[in-house]
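Residue numbers (our numbering), protein chains in the order written: chain A, 4 to 226; chain B, 4 to 226.
By construction, the Cβ of each residue, glycine as well, lies at the ideal position given by its N, Cα and C atoms.
Number of protein chains: 2
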Amino acid sequence: MLPSSTVENYLKAIYLGAGALTPPSRLVPMGQLAGALGVAPGTATTMVKTLAESGLVEYEPYAGVALTKAGQKLAALVVRRHRVIEMFLVRMMGYGWDEVHDEAEQMEHVVSDRLIDRMDEMLGRPEVDPHGDPIPTPEGIVKPQPMQSLLTCPLATPVTITRVIDQDKVFLRFIEKHNLKPGESIEVEARDAASDSVRVRGRDEQRITIGTKAASKLLVQAR
Amino acid sequence: MLPSSTVENYLKAIYLGAGALTPPSRLVPMGQLAGALGVAPGTATTMVKTLAESGLVEYEPYAGVALTKAGQKLAALVVRRHRVIEMFLVRMMGYGWDEVHDEAEQMEHVVSDRLIDRMDEMLGRPEVDPHGDPIPTPEGIVKPQPMQSLLTCPLATPVTITRVIDQDKVFLRFIEKHNLKPGESIEVEARDAASDSVRVRGRDEQRITIGTKAASKLLVQAR
DNA sequence: GTCCACATTTTGATGAGTCAAAAATACAGT
DNA sequence: ACTGTATTTTTGACTCATCAAAATGTGGAC
Ligand SMILES: [Mn+2]
Ligand SMILES: [Mn+2]
Ligand SMILES: [Mn+2]
Ligand SMILES: [Mn+2]
Numbered sequence: 004m005l006p007s008s009t010v011e012n013y014l015k016a017i018y019l020g021a022g023a024l025t026p027p028s029r030l031v032p033m034g035q036l037a038g039a040l041g042v043a044p045g046t047a048t049t050m051v052k053t054l055a056e057s058g059l060v061e062y063e064p065y066a067g068v069a070l071t072k073a074g075q076k077l078a079a080l081v082v083r084r085h086r087v088i089e090m091f092l093v094r095m096m097g098y099g100w101d102e103v104h105d106e107a108e109q110m111e112h113v114v115s116d117r118l119i120d121r122m123d124e125m126l127g128r129p130e131v132d133p134h135g136d137p138i139p140t141p142e143g144i145v146k147p148q149p150m151q152s153l154l155t156c157p158l159a160t161p162v163t164i165t166r167v168i169d170q171d172k173v174f175l176r177f178i179e180k181h182n183l184k185p186g187e188s189i190e191v192e193a194r195d196a197a198s199d200s201v202r203v204r205g206r207d208e209q210r211i212t213i214g215t216k217a218a219s220k221l222l223v224q225a226r
Numbered sequence: 004m005l006p007s008s009t010v011e012n013y014l015k016a017i018y019l020g021a022g023a024l025t026p027p028s029r030l031v032p033m034g035q036l037a038g039a040l041g042v043a044p045g046t047a048t049t050m051v052k053t054l055a056e057s058g059l060v061e062y063e064p065y066a067g068v069a070l071t072k073a074g075q076k077l078a079a080l081v082v083r084r085h086r087v088i089e090m091f092l093v094r095m096m097g098y099g100w101d102e103v104h105d106e107a108e109q110m111e112h113v114v115s116d117r118l119i120d121r122m123d124e125m126l127g128r129p130e131v132d133p134h135g136d137p138i139p140t141p142e143g144i145v146k147p148q149p150m151q152s153l154l155t156c157p158l159a160t161p162v163t164i165t166r167v168i169d170q171d172k173v174f175l176r177f178i179e180k181h182n183l184k185p186g187e188s189i190e191v192e193a194r195d196a197a198s199d200s201v202r203v204r205g206r207d208e209q210r211i212t213i214g215t216k217a218a219s220k221l222l223v224q225a226r
């Protein structure tokens with residue numbers, strides 16, 4: 004029996020939630036999960052227990068939940084579908100990068116592997132989606148991307164923006180407007196703890212100062 | 004509240020069922036509907052009653068069900084999505100016409116109007132899908148196609164195949180193999196009631212004899 | 001007109017997924 | 001150790017969609 008959309012959404016939320024934990028931990032707390040899915044805490048608990056029955060997750064009461072090997076594979080494939088679809092919508096269908104998330108959120112549960120592979124082929128087998136998020140292989144593997152954020156990268160050193168970790172439309176449009184999309188070359192000029200801000204020099208000597216919260220969502224690679 | 008996939012499937016089945024009735028009647032019998040949807044008769048009855056509550060259908064106990072204006076519009080939009088998707092998969096994604104139905108059956112419930120319109124635009128606003136089925140407009144209107152089948156068209160008169168009414172893979176591959184797809188020019192040479200068959204002359208003087216049941220599924224227009 | 005076969009509706013039950021609110025638990029601070 | 005707060009789990013209930021099987025209605029054959 005193939006997993007329902009609901010099951011897929013839980014697995015994906017655990018998969019994505021585990022990576023984004025601060026501090027990084029194996030177990031995703033139920034509150035986190037419930038929040039990500041927009042359901043009541045009790046609902047998440049119940050659902051996670053049935054996922055554990057199915058062998059898709061390991062559940063430790065009062066501690067949290069983690070994917071099993073099987074759950075991880077399934078989750079990675081949902082994420083693969085999501086990101087291939089986003090890429091397809093941007094490259095082939097003329098969508099903006101801030102407009103694709105909701106559409107992909109629905110389509111990821113219904114498109115066949117066949118169609119995903121056709122899209123992937125037409126796109127030239129890309130490694131990342133429009134936001135720079137890595138696309139898992141059909142086997143569910145993601146090559147780890149060693150990466151720093153604007154908060155941790157060296158100062159006054161040229162870097163390339165490779166990834167934007169936030170699907171919020173308004174944030175994405177802000178990023179686009181200030182030429183901070185993946186691929187752009189920039190430099191962090193200064194960080195100031197007191198004002199909670201980071202000053203960036205972008206394309207054409209453009210300067211912009213953003214908050215540390217926003218800065219942590221922009222990942223870069225040395226150049 | 005937007006209709007669930009289930010509601011959309013019921014409305015579509017009623018919409019499509021009403022056209023295919025023999026004899027043509029306003030009301031689709033519950034048995035027919037249950038059969039088309041693959042659910043138990045009692046299930047269809049229950050569901051149709053709630054659809055009637057919502058004002059999407061008119062329900063006459065022991066007689067059948069018909070769409071209201073509102074139901075008709077919704078159903079036509081589901082059919083539009085289905086057929087635009089099928090056309091997109093064939094023209095843009097390299098699918099065969101016998102491979103698109105199942106994929107479209109799922110996608111029709113999740114793709115946005117925005118994406119459907121983008122597909123439609125890329126396809127050059129086609130009037131029919133790969134099987135020759137008419138695509139309703141965004142307003143839910145289908146221009147009536149005056150049409151005859153191979154059973155009713157004049158003998159020894161050149162006609163063009165315009166539509167194939169059957170989504171079965173095996174049947175579609177048979178049709179394709181014998182060059183009887185929409186667009187092909189043919190002539191009905193003879194019909195024989197005793198042998199329940201129809202002899203057709205197709206492309207390159209090809210002759211083929213098919214049963215009346217199959218013949219009734221091939222629609223043609225005078226040329 | 002009566003009766004029968006068949007279609008339809010009703011009934012009672014089930015599974016998936018959800019919520020609100022009550023109960024239990026963990027844990028940090030004193 | 002004790003207590004308070006935040007998190008988590010439990011409980012009871014609800015909606016949607018479904019089935020099997022019993023009850024009922026319909027229309028045709030005779
Ligand atoms: Mn996304
Ligand atoms: Mn993304
Ligand atoms: Mn179809
Ligand atoms: Mn079709």
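Member of the options whose CA lies at the smallest distance from the CA of residue i
i: A/A196; options: A/P137, A/G214, A/D116; result: A/G214
i: B/H181; options: B/K172, B/G205, B/V191; result: B/G205
i: A/W100; options: A/A217, A/I17, A/R166; result: A/R166
i: B/D136; options: B/T9, B/L19, B/V10, B/L5; result: B/L19
i: B/K172; options: B/E130, B/E192, B/E106; result: B/E106
i: B/K72; options: B/D116, B/E63, B/I144; result: B/I144
i: A/S8; options: A/L158, A/M33, A/D132, A/M50; result: A/M50
i: B/D116; options: B/V81, B/L126, B/R202; result: B/V81
i: A/G45; options: A/L158, A/L54, A/Q148, A/M33; result: A/M33
i: B/K184; options: B/I17, B/A16, B/R210, B/H134; result: B/H134
i: B/L40; options: B/K216, B/E11, B/S198; result: B/E11
i: B/E142; options: B/D132, B/I17, B/F177, B/G74; result: B/G74
i: B/G97; options: A/A16, A/T140, A/E124, A/F177; result: A/E124
i: B/K216; options: B/E208, B/Q209, B/S198; result: B/S198
i: A/P6; options: A/R210, A/L24, A/E208, A/K76; result: A/K76
Local conformation of residue i per DSSP, three classes
i: B/E61; result: strand
i: B/G38; result: helix
i: A/T165; result: strand
i: B/A23; result: coil
i: B/G143; result: coil
i: A/E208; result: helix
i: A/R194; result: strand
i: B/A47; result: helix
i: A/R128; result: coil
i: B/I17; result: helix
i: B/S28; result: coil
i: A/S8; result: helix
i: B/R121; result: helix
i: A/E99; result: Going by the sequence as given, residue 99 of chain A is Gly instead of Glu. A/G99 falls in the coil class under three-state DSSP.
i: B/R84; result: helix
i: B/I178; result: helix
i: A/Q75; result: helix
i: B/L92; result: helix
i: B/Q148; result: coil
i: B/V173; result: helix
Cβ shell of residue i (< 6 Å), same chain only, five flanking positions each side left out
i: B/A21; result: V31
i: B/I168; result: K220
i: A/H104; result: Q170
i: B/Q224; result: T163, T165
i: A/R194; result: V201
Beta carbon of residue i nearer than 7 Å to that of residue j
i: B/A78; j: B/L14; result: yes
i: B/R84; j: B/I138; result: no
i: A/K47; j: A/L36; result: Reading the sequence as shown, one finds Ala at residue 47 of chain A and not Lys. A contact, by the Cβ cut-off of 7 Å.
i: B/A69; j: B/R29; result: yes
i: B/L153; j: B/A218; result: yes
i: A/M150; j: A/L222; result: yes
i: B/V203; j: B/C156; result: no
Contacting residues, own chain, Cβ-Cβ under 8 Å from residue i (five flanking each side not counted)
i: A/R226; result: P161, V162, T163, S188
i: B/I88; result: V103, E106, A107, M110, E111, V114, I119, M122
i: A/K52; result: Y62
i: A/L126; result: V87, M90, F91, R94, M95
i: B/T212; result: S200, V201, R202, V203
i: A/I178; result: V167, K184, L221
i: B/I17; result: V31, L36, V60, V68, A69, L70, G74, A78
Cutoff 7 Å; reference residue i; Cβ partners in own chain excluding five residues on either side
i: B/Q148; result: P137
i: B/E130; result: P137, I138
Given 8 Å, three or more beta-carbon pairs between the stretch 81 to 96 of chain A and the stretch 58 to 73 of chain A: Note that the stretch 81 to 96 of chain A does not touch the stretch 58 to 73 of chain A; fewer than 3 beta-carbon pairs, one per stretch, sit closer than 8 Å.
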